[in-house]
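Q: Protein sequence lines, in the order shown, are assigned to chains H and Z. Residue numbering for the first sequence follows my numbering, starting at 131 and increasing by one per position. Residue numbering for the second sequence follows my numbering, starting at 131 and increasing by one per position. Before I ask anything, here is the structure I am working with.
Number of protein chains: 2
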Amino acid sequence: MSSELKLMPKQKSPNGQPCCEPVVYPDVERTQAANMAKIAKALGDPIRLTLVDVLRKHAGKVCVCELVPLFDVSQSTLSHHLKKLRDVGILDSERRGLWAYYYVNPEELDELSAWLSGGS
Amino acid sequence: MSSELKLMPKQKSPNGQPCCEPVVYPDVERTQAANMAKIAKALGDPIRLTLVDVLRKHAGKVCVCELVPLFDVSQSTLSHHLKKLRDVGILDSERRGLWAYYYVNPEELDELSAWLSGGS
DNA sequence: CGTATCAATTGACAAACGTCGATTGAACTG
DNA sequence: CAGTTCAATCGACGTTTGTCAATTGATACG
Chain H
131 MSSELKLMPK
141 QKSPNGQPCC
151 EPVVYPDVER
161 TQAANMAKIA
171 KALGDPIRLT
181 LVDVLRKHAG
191 KVCVCELVPL
201 FDVSQSTLSH
211 HLKKLRDVGI
221 LDSERRGLWA
231 YYYVNPEELD
241 ELSAWLSGGS
Chain Z
131 MSSELKLMPK
141 QKSPNGQPCC
151 EPVVYPDVER
161 TQAANMAKIA
171 KALGDPIRLT
181 LVDVLRKHAG
191 KVCVCELVPL
201 FDVSQSTLSH
211 HLKKLRDVGI
221 LDSERRGLWA
231 YYYVNPEELD
241 ELSAWLSGGS
């Protein structure tokens, strides 16, 4: 987990032909890249991606007790995945009595979404 | 790494109030979710995300020898990241003599991109 | 031929991950 | 109060990850 950037290739030419013409450089900032990678990583599990999908489509806040039976994993495992999504900011939660309700923070997906859509 | 889906919460009501009104269910198919999670996971590292960014912006095929000096990691580590991106189909490569050239398979990002953009 | 260069592979290692069962803590019920 | 229920946390486990140095394989040069 790092991504320090340098610049400029060396491009030795054995027979005179260069390996390539133009010099290449990154276009996203290091901090942008790190943030988007963090979001992508959180989405990089089928259960977590499905959780985000369910919560996004639902638009309201959804009780954990409704989410657990959707998956074939234990309650503690699902809680772990919810925590992971909350840790990176994709989800937020709210407690009401015994129950906990989760919902999506849509803005948190915007940067990655924009980048993926080809826009710089 | 699994994500088997069931259906229907149980929704016991201690005092008569249900924990929530509507029943929730996943909207993406299991195989879609698995595929998108695979792509997201591959993008879940700052170096790999930056590699995709560089190659996407560049539009032509880029020599590995130009990519290595952009990052503060060893040549073998970068090769490992490139392989990972190629394994999930985001990148393809082509050998010309001593050099190897990588380029983006843009369609491979479309499904995740569309999902992230709010479209089902 | 022997040497040099680029990129992929191997082997090692610590860190992070996904999963579970068991426990804990909080809040409601009777 | 004692008992129940929901969700979070803990402790353990096997697997995967990111990294490096060293090696290998392929190709080019003299």
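Beta carbons: idealized from backbone N, C-alpha and C, even for Gly.
Per the contact definition of three or more C-beta pairs closer than 8 Å, is the segment 157-173 of chain Z in contact with the segment 179-197 of chain H?
A: Three or more beta-carbon pairs drawn from the segment 179-197 of chain H and the segment 157-173 of chain Z are found closer than 8 Å, and the two stretches are therefore classed as touching.
Q: By Cβ distance below 7 Å, which residues in the same chain neighbour GLY146(Z) in space, the five residues on each side in sequence not counted?
A: In the second sequence, counting from the first residue as 1, residue 146(Z) sits at position 16. At GLY146(Z) the pLDDT is 46, less than 50, meaning the model places this residue with poor confidence and gives no usable figure here.
Q: Measuring alpha carbon to alpha carbon, tell me which residue in ILE169(H), ASP202(H) and PRO199(H) is nearest GLU238(H).
A: The residue given as residue 238(H) occupies position 108 in the first sequence. For the residues ILE169(H), ASP202(H) and PRO199(H), the minimum Cα distance to GLU238(H) belongs to ILE169(H).
Q: Out of curiosity, what's the CA-to-CA distance linking CYS195(Z) and LEU179(Z)?
A: Along the second sequence, read from residue 1 onward, the residue named residue 195(Z) stands at position 65. Along the second sequence, read from residue 1 onward, the residue named residue 179(Z) stands at position 49. Rounded to whole angstroms, CYS195(Z) to LEU179(Z) spans 18 Å at the Cα level.
Q: Rounded to a whole number of angstroms, what is the C-alpha to C-alpha distance between ASP300(Z) and LEU208(Z)?
A: Shown here, chain Z extends from 131 to 250; a query on residue 300(Z) therefore has no answer.
Q: Does ALA164(Z) get closer than 8 Å to chain H when you measure Cβ to Cβ?
A: As a first step, residue 164(Z) must be located in the second sequence, where it is residue number 34. Chain H, which has a Cβ nearer than 8 Å to the Cβ of ALA164(Z), makes this yes.
Q: For chain Z, is any of its Cβ atoms less than 8 Å away from the one on SER247(H)?
A: Position 117 of the first sequence, counting from 1, holds the residue named residue 247(H). Yes, because at least one Cβ of chain Z sits closer than 8 Å to the Cβ of SER247(H).
Q: Taking the C-alpha atoms as reference points, what is the distance between PRO236(Z) and ASN165(Z)?
A: As a position in the second sequence, residue 236(Z) is number 106, starting the count at 1. As a position in the second sequence, residue 165(Z) is number 35, starting the count at 1. Taking the straight line joining both Cα atoms gives about 15 Å.
Q: Can you check which of these residues, LEU246(H), GLU241(H) and ARG225(H), is closest to GLU241(Z) by C-alpha distance?
A: Position 111 of the second sequence, counting from 1, holds the residue named residue 241(Z). GLU241(Z) has its Cα closest to that of LEU246(H), out of LEU246(H), GLU241(H) and ARG225(H).
Q: Please specify which runs of the beta strand (DSSP E), each continuous and at least 3 residues long, are wholly inside the segment 163-233 of chain H, giving them in chain order.
A: 221-226
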